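My numbering applies: residue 135 is where the sequence shown begins, and numbers increase by one. Just so you know, even glycine gets a beta-carbon here, dropped at the ideal spot from N, CA and C. Quick caveat, the model's predicted, so the values are computed rather than measured. Structure, as structure tokens:
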Amino acid sequence: MTHSPARPRTPRALRNAGAAALAGALVLGLAACGSDDSEAASGEDGDHGSISVQYSWIKNEEFAGEFYAYDKGYYDEAGFSDVNGISGPDTGVAKLLSDEVQVALSDAASVGAAVANEDAPLKIVGATFQKNPFTILSLADGADIATPQDLVGKKIGVQDSNASVFEAILNANGIDKDQVEVVPVDFDPTPLMKGEVDGFMAYLTNEAITVEQQGYEVTNLPYAENGVPYVAETFTVTDQYLAENADAIEDFLIAEIKGWSHTFTEDVQTTVDLVTKHYNEAASDNAEGLEAVFGALDPKKTKLGLEAQAQLISTPDTEANGLFTITDELQQQTVDSLAAAGWDVAVEDLFDTSIIDKIYEENPDLVDYLS
């Protein structure tokens with residue numbers, strides 16, 4: 135999550151201001167020593183060899199499906215000798231282009247910006263989050279921002295790197311940016327709780343939960359439901375890797391589908407325990423990393439995060455077509471959303487879903503991830 139072109143996905147709310155400062159200092163260190171903060175799935179002389187996967191964020195519940203793929207041996211079955219999962223924050227875009235990683239769990243805005251601004255040879259081949267996780271968070275007994283028009287005349291806390299994406303929700307709803315006062319903030323939602331801003335650009339799976347846990351009743355204005363739908367936690371690869379390693383990508387995605395299916399069929403506490411194990415291992419492996427900065431994982435918030443992200447992952451379309459699939463309509467909605475943020479890119483330049491479609495054609499049993 136450290137790529138330069140107007141990146142919307144960056145480190146989110148840290149536990150306190152001190153942690154936020156330390157986290158900023160650690161980002162470069164994490165990027166430089168990703169192999170020290172990686173997980174390996176050891177297989178028997180895998181056909182595909184080793185693969186490195188850049189995670190967008192620290193190893194928390196956002197990667198529960200990956201953790202199941204490790205522990206259930208799905209990566210091994212897929213023919214990989216090693217799968218190195220590297221902690222973020224990082225969009226993975228720069229690392230893909232420099233061949234440091236083969237797959238990045240990124241987002242359509244980060245990838246789309248690189249394609250639009252730099253003609254980056256990247257493709258999204260699938261997406262875990264079918265819905266944009268961004269929201270404008272407000273307090274129910276405060277500004278109570280429930281509709282886009284409620285933004286008019288309000289002070290909204292927006293992180294610098296998210297400015298373009300914030301403008302996208304204004305553009306999509308015909309609101310002039312001069313009608314809203316943007317207040318620069320970091321990723322800690324304290325300014326909202328202190329009443330310094332009326333609304334706060336946040337994640338449904340993170341800050342919205344954090345503020346609720348502090349005892350506040352909140353109102354969310356989800357981007358996905360208010361004119362800015364786009365996919366996130368995208369499986370992104372370079373054009374060259376896609377052309378030369380289609381079989382490896384196919385087998386990797388099958389392992390991922392199997393792993394993520396467990397998040398819908400296992401008892402939630404089992405998944406919380408799994409996430410906690412991998413989080414603690416990452417913190418232990420890299421004592422200077424962001425996992426260590428955050429301290430012990432909060433199991434209650436982890437459970438709430440799993441429940442919130444399930445609503446972003448599982449939709450009527452995925453129930454019909456399978457996890458990670460992206461309908462033609464959603465692909466078009468995504469590029470339209472990016473255009474509203476100032477990034478013009480064609481569907482065919484951003485997406486290639488031929489492999490994920492092939493997987494379900496050949497393995498229709500994988501579609502039913504709910505049972």
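- Burial of SER298 is indicated by the presence of at least 16 other C-beta atoms within 10 angstroms of its C-beta.
- The Cβ atoms of LEU484 and VAL217 lie no closer than 8 Å to each other.
- One alpha carbon belongs to ALA302, the other to ASP181, and they sit about 44 Å apart.
- When DSSP assignments are scanned along the segment 370-397, the uninterrupted stretches of alpha helix (DSSP H) that are 4 or more residues long and fall wholly within it turn out to be 373-378.
- Inter-residue distance for GLU495 and THR487 is about 12 Å (C-alpha atoms, whole angstroms).
- Scanning its chain for C-beta atoms nearer than 6 Å, with the 5 sequence neighbours on each side dropped, one finds around THR468 the residues ALA242, TYR364, VAL365, in chain order.
- Separation of SER240 and GLU195 (C-alpha to C-alpha, rounded to the nearest whole angstrom) is 15 Å.
- In the DSSP assignment, PRO356 falls within the beta strand (DSSP E) that extends over 352-356.
- According to the DSSP assignment, PHE214 belongs to no alpha helix (DSSP H) but to the beta strand (DSSP E) extending over 214-220.
- Residue environment: LEU440 is assigned as buried (16 or more neighbouring CB atoms within 10 Å of its CB, all protein chains considered).
- Between LEU338 and THR269, the beta carbon gap of about 5 Å places them in contact (Cβ cut-off 8 Å).
- Around ALA274, the same chain offers GLU351, VAL352, THR353 as residues with beta carbons nearer than 7 Å, after the five sequence neighbours per side are excluded.
- Proximity to ILE192 across LYS434, GLU425, ILE343, GLN445 peaks at GLU425, based on C-alpha coordinates.
- Cβ neighbours of LEU431 within its own chain (closer than 8 Å, five residues either side excluded): ASN194, VAL409, THR410, TYR413, ASN414.
- LEU256 counts as buried, since at least 16 other C-beta atoms from the protein chains shown sit within 10 angstroms of its C-beta.
- Boundaries cannot be given for PHE485, as no alpha helix (DSSP H) includes it and DSSP labels it neither H nor E.
- With contacts defined by Cβ atoms closer than 8 Å, THR368 and ALA261 form a contacting pair.
- With contacts defined by Cβ atoms closer than 8 Å, ALA277 and GLY333 form a contacting pair.
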